[in-house]
Every structure is written in C-alpha cells, then in structure tokens.
Amino acid sequence: MGPRSPPVTAHYTTSTTASLKIMCHFWANVWVFFHAYLLLQSAEGVTHSDDVNGLLALQDAWNAYGMLQWSGNDPCGSNWSHIACDNHNPQRVIIISVSGLGLSGTLPDDIGFLTGLQSLDMSHNKLRGQLSSQLGRLVNLVILKLESNEFTGTIPPALGQLRNVQYIYLTDNMLQGPIPHEIGLLRNLYWLDLANNHLQGELPYSSDGKNKLNVGLDNLTTTKHFHFNNNSLEGPIPSSICHQNMQLIHMLFDSNQMSGNIPDAIGDCLNLTVLKIDHNHFSGEIPTTLDRLVNLSELHLTANQLTGVLPDLSNLNKLNILAVGDNQFTPSEIPAWLTSLRSLTDLQMQKTNLLGSIPESLFELPTITAVNLDNNILNGTLDLSTSASSLLTLSLINNRIDSTSLGKFNQELNLQGNPVCNTSALVNSQVCNPDRIVPPISYQTNNSRCSNPCTGNFVPSPLDCSCVVPYKCHFTYRAPYFTTLSDSRHLKVFVDALAKGLNMSDGQIMIPEAFFNSRNQLFITAWLFPSESSHWSPDDIVSISGEAGSIYPSMYGPPMFQADPYDFQWLANARRAGLSTGAKVGIGLGAAILALIIFGVCAFALIQKRQADQAKSLSEPASGGSRKSDSGNAPKLKGARWFSFIELKKATNNFSDSNEIGAGGYGKVYKGELPNKDKVAIKRSNRLSMQGAMEFKNEIELLSRVHHRNLVSLVGFCIDQGEQMLVYEFIENGSLRDALTGVNGIKLDWHRRLLIALGAARGLAYLHELANPPIIHRDVKSSNILLDVNLDAKVADFGLSKLAPDAGKTHVTTQVKGTVGYLDPEYYLTEQLTEKSDVYSYGVVLLELLTSRQPIEFGKYIVREAKHLLDRGGMTAFRTILDTRLQSENTMELQRLLRVAIQCVEECAVNRPTMSEVVKELEEFIAHESGVGSLALSSKTYERELNKNKRRFSDSDWVCSSKDSSCNSSFHYAENATAKKNVL
C-alpha cells in the first residue's frame, strides 16, 4: 500500500488515554451493532417475504437428506442452491430446479406463495400426495415440470389459471380422473405431457356439453404437443381437436382404452409430424384423409381393430416410420405404393394379413433400415441378393417363406417359423433362432474383475474397483430400428452416444440389463459411475437427469427416461459427522469471541483508513485512472476514466431525485453534468447487486474495449467509498419504447424505423462476433435501445451482460436477466443463454416497430398473435395490429421486415438467423427501399470484418415461419420429453 500520508499517521499516534476512550466507546457500539444485526438479519433480507415463506414451507414438507443447502431466511441473498432470483427489489424467486435429488414428501399449499415463479422443476423425485390447487396462483409460470414422481389424485382444474404457462409435464405419476376442461384456457400452452398416469374419461372438448366454460382441447390453438399416452383414457378422438387453426405436431394417444372410428377430420391437423394412436380399440377403416398430412414423419396405428385395406399414403414423402401391425385388415398383397415412400426407415406390418411374395423393390428404398412383417401369409423366395444395402434388421417370423437368396446380406434376419427353417438349404441356421436377450459382450464395461466386497448401495467401480454409488438409469425405446441384440454393435452405439453426451468415458457406463419385451420395446438399464469420488453430487444428478433423456442414437429413436432415486444419505451423514457436542460448543464459542475481536479491530482500522482516504481525496485534484480506492488499485484503462465518488456526487446534485432518469435491478440511473459540460448517465449499483472488486474490474476492462457507433459508450467508472458506478454517454432522445408510445414526443416514420432496426442489429452483431471475448446481451428490449440526437439507435445496458464462453457461446446463471415477453422460449427449458437468445429478443423488438405494441399487452403475446394472424390470413390479417401510422406503407416492404421478425422469433434457436445475417438482409432492404446503395456501401468494412456466409431471407423461410412443423434441434419427440438443462 506504500507509506501512509500524514493525516492517516496522525490518527494512529494519538495519546494512550485518547486511544483507550476511543476503543471503549467503539466496543460498546460494536456490541450494539452485533445484537442489532442478529435481530435484523431475517427482517431485512433481499428476498420477498412471500417467497421466503413458500420456500421454508417446501423445506418443511420435504425430506431432502441435507443436499438442498437451504439455510437462513434470505434465499436470494444467501445464494440458496437450486433456485434463481430476478433483479428486482425485493427479489422474487423465479426458478426452482430440484430435479433428480431424491426428494420425498409432499407439495404443500404454500407453493402458492411463490407467485413470481416462471419455472418450477421438481421432476424425478419421490414426491407424493395430491397436486395442490394453489399451483393455480403461480400466474407467471412458464414451465411446470413435475414428471417422474408419485403424485396421486386428480389434475387440479386450477391449472387453468396459468395463462402464461407454455410447458406442462405431469408424466410418470399416478394421477387419476379426467383431463379437466379448464386446460383449454391455457392459450399460450406449447407442450402438454400427461403420459404414464392412470387418467380416465374422454378427451375434453368445448362442445361436449360437460362444462360451463365451453372450453376444451380444441381451444389450444398454439399447443404443438399432446402427449397423453399410457393412461386409461376412453372414448373417441373428438373431430373438433383437428381444425385449421390447430398447430399440433405431436398427437400421442397410444396405449389407452380409446375407441370408435378414426375421424376424417384428423386430416385437418396439417402440421402433424408424429401420430401415435396405437394400442387402443379403434375400429373401422383408416380414413383416406391421412394422405393430407404431408409433414408426417411417424404414423403408429399398431394393435387396434382396424379393418378394410391400408389407404394409399404415397403423398407422405417425409414419412420415416409406418407402423400399422396387429390389426384386422382385409387380406391383400404388400401395397405397391410403399416403394414410393423414399424417406421410409422403419416399416412395421406384422399381423396385417399380408399375402403373396415380397417385392425386391421394398428393400431398395434408400433409407430403409428395419422391416417387420411377422405373422403374415407371405410366401415364395426371400431375395436380398441385389438390394437391402441400408437394411439393418428384417423379421419375417411365422410366414411361409420356403427359400432364400441372401447374397452378401449379413445383417439381422429372423426367419423363425418359416418352412425354409426346416430345410438344409440355409447357410446360416442362426436366422431361425436369434437371441433376443443381450449376450455376453466383449467390449462392454463391467466390474467382474473386482473381488473386493462393497456394502449397502455401494458397488465396485469398473474404473478402479473402488466402492462407489452409481446412478441407475432406465431407458425405454418404443421402436428401435432393430429387433434383436445379437449384434453387440447396437449396444456399443448406445454407450458411445451416452458417454459423449454426458461427457463421460465409456468406462463409467455399465449395462447390467437389456432386453426386448413382447411389444418390441427395448429396455436398457445403465449404471453411471462417478470417476472422482464415491458419490455423484446433487448438482451432478440434476445435470444427468436433465441431459440423459435427450441423448440417443438415431437408430434407437427418442427414449422414455427414468432413474432410481439417488442415495444422498451419505451427504446428510457427512454434514452431521464431526466432533462431539461439547467440543463443537466450545470451539464455536471460542471462534465467535475471536471473530468478534478481529471484527472489532478490523472495523476500527477500516473506519480510520476511510477517513484518511477521504481527507486525501479532498486534498488532491481529479485525475483519471491513477488513484487508490477502497477496493484496491483502480484499473488503468485507456478508454475509460476513473471518477471519484465526490465528483459524481457533485455531477448529480448529490444524486437528487430530480436527476434520476431510470431504475432497475442493478440500481438507479442519474443524469449528470461534468465540469466540462458533458452530459453523462451514471448507473449507481445498489448494495444488493454489488460485484466483487475483481469481477467489477474485469467488467469495466472489457467495456472499455467495446466501441461501436450503435453501442452506448462507457465514459468511465467509480470504485470509491464502497460504491460501484458506471458512467455512460448521455443519449438525448430516450428509448425506442418511449418513442413508440409517444412519451417523448418523437414520431418515427417508416424509413426511420428501418434505420433504427439496422442500427440495433449492427450493435448486437458487434457484441456477438467482433467483441473480444464475445458478449451476450441477455436483455434486448425496446427500452434498452436508445435514440441519439440524430435518432440513430444505440444499444444500452450490455454493461451488465455476461461473457459468452468460447465453446458453444452459452452462459448459465442463477441470476436470470431478461424481461418477460422478450425471453427466448428455449431458455425456459435449457436454462442456457446463447447469441440466438438475443436474436429472439431482437425479433420481438421488430414486431414492436411494426405494431407499436408492447410484447405483452392486454394479456396477448405479440409473437403468438402475429403468427396466428399470419397463419389465418397472411399480411391482410396482420394489418389489423399494424401501427396506424404505417397503414399507408407499401405492403411488400412491410412484409419484408415482418419476414425478418418472424424468422428471428422462431421457437427453435437453430432456425433463427445470426445477427450478422440480419444486418446483411436489412442493409440490402434499406438500400433497395431508398433507391440508392449508399447505406449498404457504407458498411463494406463492417461486412469484411464479419466475413460470414451470405444467408438470405427467402420466401421459403417466410412460409415456414409459424407453420414450422419440427424443431429437431431443440425439442425432440420423446414420450417423456426430458429437456436439456444445466445445474443452477
């Protein structure tokens, strides 16, 4: 620290008597302060009192085995595990994620206190009892994940109050009773998963006369997933749930007790990609309207009582899986149109009264991998000699095949029960007796070499034979592309995929059991072994349970994932273990006294030093970047100036209310004027959002290097007298939101709105691709886009952003930043931020520019409303929400910007453009709109720097905007859709 200045020395060289008086007075104050602190500890926390009450009630209702690490009365301020809070004051808990922690107990009514929750994930535990109707109070909830527990009773109708909810997962419980009609009130619902329960009754629809609200499943026009499989639901499929406004892509009604004819109206669900109604009691003929489902990739009708003949489905050129076995079709030959399904990979037509010979052309399909024609009347010669290059498995059990010509075919073949098996002509007799139980596999990880005994839940690790507790996971694959396990390569593919997806070595994965059941479902049990300790941590289990269900090889298809509750008793025991009670009391008391003494001495010294530093700062003139502060050396930065607290206090008239121009979770923003008359915006952090000195230093060092005409510039910073402040250039004309609402009197014409859109896009593209390291903004919105004196856009508030890691450029945080209405829908599932999250938010801003509406206004979400109108009536329908000031503008120009907006707000991040692609499109658009090329030419240097591929927003992009029928990159089809997520 260097030699002390004379004023500081004077404080430490007073007489002994004066020092004693000061010390005595000081200690008296310390005791008063200490007791006051204890009394106020719980009363003045940063967490909203309702959330404190709710979380404490959950803690009381659960047996958590000590791994939750919830202590004290201030969850947000004390960094409780497995929760996340917003940045408001007081802070609200917005995420609870306790998946896979082995929790037991109930879900108390006090859950209703947590009204700020946006995501509630209690999946993969042992929670029991009924679902509380108080869940209906969580009106901000977007994600509700309660799958894989032991909940009983009925689904509470109060869930119909969750008007913002988009994802409901109640699968794999013991819920009974009907699906409540009130579900039809959830107009924002995207995914409804009620699979694997004991639900009864018929599917509710609005005109069934059974409810006063006249609502039902047919009202869920934004929902894309109905997963109701493996229940006891009855009755027919209501014709009304398939109409032109429905957006369903997955209809999973399989394994129920449903009956009646398949309605012709099912052909109106034009977006369907997966239709699973197998293992029910449907009768009658298959409707010919199925050929209208041109987006269909999977059709499952197996194990019903369907009659007639299979209709011509040759229009379904995207069909991968056709499963129609075990029905009562009229005897017929294999349909000739099957060979036109060029995308077909899996054909299941067992027990369908097929007769005649098998056409060779069936095995010439370019992607066919699995064919099951068991229990039919097929005869003649099986000829695989010139085709079947892609075929992996073929099963012809119990037919009348009397000869074969296999050529070089050496994949899985099952001819058991055919006459050919009774002849000596077969070269390979194994095709008549394949083994469906996993054989000894030479490659497979095992612990058979370990001879040491382990007790309890401990087992020898295959890695080093030490005693560890593995995580026991169970995967059920409904229709893999193979039907036997005689080829060990199939399981090796599974292990390799799981190891890669979970970042493990294959030596950490052991498969003690794998078999097919009578319905050709493959069950695999995998034990996952920790490598660095004897147990997985709670965070590890949360991560694995979130990831494992979404990892699968293509030849398996998506699984239903379950896991045994993990034994965390070791953690509770470890936390209870230690010294005797007397020793703990003695050591604790001694430590408390010692800590108090140290605290007193340090506090006294700190007070004296602060007074000395203040005296010194008053005696020195202001100079940028060279002073000392109470946080250590102020950073010496070329692009930013260090300000003292006194300078900024003076610039803001003592931080007067009249100078306050904004406030947020970070703190308040003040307008200030420096001695040279420059105006600045000073962001003063509140005590609750303070960073550590090093973290704050790193952030301002980064910001000092970020310079772009469309980003608000950092002028300087302050680390002084316990304060942290950022000083930005002052932007005269306020925010874009103010301009759109008319608050600041600015009127934006069409051309100016385009320039604002381009400017904001350029600023974000710079953050994503030219900043070093890249920066994810995390809170793009119209109020964070400021307008300078020329009405040019400047993106603000990225100073509170988080850096994007190099690998994948994602960020996970427990302090969720963002604004409802702008948040990337994938974030709620993955809890992962990427540049594409900013792109989504930017797309919402474009819709604001077109409509002047807020993202959520009068209960309507602008993204869903825009997509709905476009689907219903194109640009003509969208004009009903277009800003009245733009009604006279050229339709083609409006449509071009709208096309960019819709592309940006795609539900799947992979389908969104990058910001640099948006910049390129807008530059070309504006240059064309202006009739000159100056705007595009002015950014040649920028374009060269980005050096990106030249994506275009073509008309094909436009038409798939809200009709996009798949989201393979993010929301894979799974009967127990387990979304990827990261540990909080």
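So the numbering used here is basically just the index in the sequence shown, starting at one, shifted up by 283.
C-beta atoms are modelled at their ideal positions from N, C-alpha and C, and glycine is treated no differently.
Bear in mind that the values here come from a model prediction, so they are computed numbers and not experimental data.
In the displayed model, Trp1033 falls within a helix according to three-state DSSP. Bounds of the alpha helix (DSSP H) holding Gln1178 are Thr1174 to Cys1187.
Counting along the chain, the unbroken alpha helix (DSSP H) around Ala782 starts and ends at Arg772 to Gly784. With a threshold of 16 other beta carbon atoms within 10 Å, Glu815 falls short and is exposed. Two segments are said to touch when three or more pairs of C-beta atoms, one from each, lie closer than 8 Å; by this definition the segment 732 to 741 does not touch the segment 772 to 787. Closest in alpha carbon position to Glu930, among Ile944, Pro521 and Leu1009, is Leu1009. With a contact defined as Cβ atoms closer than 8 Å, Leu637 and Ser615 qualify at about 7 Å. Following the DSSP letters along the chain, one finds Lys951 in no alpha helix (DSSP H) but inside the beta strand (DSSP E) bounded by residues Gly950 to Glu956.
If you draw a 10 Å sphere on the C-beta of Val422, you find fewer than 16 other C-beta atoms in it, and that means exposed. Per DSSP, the beta-bridge partners of Thr389 are Arg411. By the Cβ test, the segment 454 to 472 is in contact with the segment 490 to 502, since at least three Cβ pairs between them sit closer than 8 Å. Between Leu746 and Gly784, the gap from beta carbon to beta carbon reaches 7 Å or more. Per DSSP, the continuous beta strand (DSSP E) segment holding Gln631 begins and ends at Asp629 to Gln631. Under the three-state reduction of DSSP output, Asn942 falls in the helix class. Under the three-pair Cβ rule at 8 Å, the segment 372 to 389 counts as touching the segment 843 to 850. Separation of Phe741 and Asn480 (C-alpha to C-alpha, rounded to the nearest whole angstrom) is 32 Å.
With a 10 Å radius around the Cβ and a threshold of 16 neighbouring Cβ atoms, His526 comes out exposed. A distance of 7 Å or more separates the beta carbons of Ile524 and Asp551. Between Gln413 and Ile377, the C-beta gap is not smaller than 7 Å, which leaves the two residues out of contact. Put simply, of Val998, Gly484, Asp1003 and Ser826 the residue whose alpha carbon is nearest the alpha carbon of Phe928 is Asp1003. Each residue's CA atom was taken as its position, placing Phe1013 and Asn1073 some 13 Å apart. His510 and Thr935 have their C-alpha atoms some 58 Å from each other. Under the 10 Å beta carbon count, Asn716 is surrounded by fewer than 16 other beta carbons and is classified as exposed. Counted as a single uninterrupted DSSP element, the beta strand (DSSP E) harbouring Gln845 occupies residues Pro842 to Ala846. When beta bridges are read from the DSSP output, Leu1070 appears opposite Ala1076. The DSSP-derived three-state label of Trp810 is strand. Between the alpha carbons of Gly1017 and Leu599 lies a distance of about 54 Å. Sequence-distant partners of His757 (beyond 5 residues in either direction) whose C-beta falls short of 6 Å from its own C-beta, in its chain, are Thr808 and Gln845.
In the three-state reduction of the DSSP assignment, Phe979 falls in the helix class. With respect to Glu1204, Arg1195 sits apart: the two C-beta atoms are not nearer than 7 Å. For Arg1155, the uninterrupted alpha helix (DSSP H) segment begins and ends at Ile1145 to Phe1161. In the DSSP annotation of this structure, the continuous segment of the alpha helix (DSSP H) that includes Arg1020 starts and ends at Leu1019 to Thr1024.
If you ignore the 5 residues before and after Leu605, its C-beta comes within less than 6 Å of the C-beta of Leu582 and Leu630, all in its own chain and listed in chain order.
Looking at the DSSP output, Glu430 shares a beta bridge with no other residue. Per DSSP, the unbroken beta strand (DSSP E) holding Tyr452 starts and ends at Tyr450 to Tyr452.
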